Amino acid sequence: MAFSLPDLPYPHDALAPHMSRETLEYHHDKHHAAYVNALNSLIKGTEWEGLGLEEVVTGSFGKNVPLFNNASQDLNHTYFWKWMTPKGGGPVPGRLEKQIISDFGSVEKLTADFVAAGVGQFGSGWCWLAVENGKLAVTKTPNGESPLVHGAVPILGCDVWEHSYYIDYRNRRPDYLKAFLEHLVNWEYVDDLFDKAT
Ligand code: FE2
């Protein structure tokens, strides 16, 4: 069965002013759609046809670069829309907060590390909060790569491709990352993923 573009979980203007309608119209309706279309075309006749998206991502990594890039970007973006919510940001739920304090010292240290990872990713890519060997870790990856292919479970990721912020923030990637954490992150959903991963 072909993969399909998931709907945004909120209207296109719901994240404004931190992420505009225009950004979501391009990012979701055009960029994400292009990944899904390319994935459906590239997977035909391969050994991964018919598998679930996560299996395609982990199976094709290092074996079929174009297929991996598009499959992983489909998966990353499918999560990315859910990692944001109107009126997001705010306090981190209790059990996750406790683990963050245990692994980073404070929520402020985690957010500083997360911004530094996003700013430090040279060129296109993602920064992540992932569960790795039972502990939380902040990482960054190039292009469409995900912590999944390195044996970790991503529970939060931020797209730092220019298509994610250039309309609203131009070259100010740090401001975009700060707005993402302060106003957009759906910590309840991150907490759900943390529960499932631990
Ligand atoms: Fe993107």
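When we follow our numbering, the leftmost residue of the sequence shown carries the number 56, and every step to the right adds one. Every residue gets a Cβ at the ideal spot worked out from N, C-alpha and C, and that includes glycine. Model, not experiment: these values are computed from the prediction.
| Asked | Found |
| --- | --- |
| What I want to know is whether the C-beta of residue 216 ends up closer than 8 Å to one or more non-hydrogen atoms of ligand 1. | yes |
| Heavy atom of ligand 1 less than 8 Å from the Cβ of residue 29, yes or no? | The structure shown does not extend to residue 29, since the chain spans only 56 to 253, so no value can be given for it. |
| Using only the heavy atoms of ligand 1, determine whether one of them is closer than 8 Å to the beta carbon of residue 123. | no |
| Output yes or no for whether 9 Å exceeds the beta carbon distance between residue 242 and residue 215. | no |
| Which whole-angstrom value is the C-beta distance of residue 116 and residue 186, which I expect to be below 8 Å? | With a Cβ gap of about 19 Å, residue 116 and residue 186 do not count as contacting. |
| The alpha helix (DSSP H) with residue 233 in it runs from where to where? | 228–234 |
| With DSSP as the reference, please indicate the residues paired to residue 196 in a beta bridge. | 181 |
| Does any heavy atom of ligand 1 sit closer than 8 Å to the C-beta of residue 154? | no |
| Using only alpha-carbon positions, find the residue among 178, 141, 176, 236 that is nearest to residue 164. | 236 |
| Based on the DSSP secondary-structure assignment, which residues constitute the bridge partners of residue 139? | 240 |
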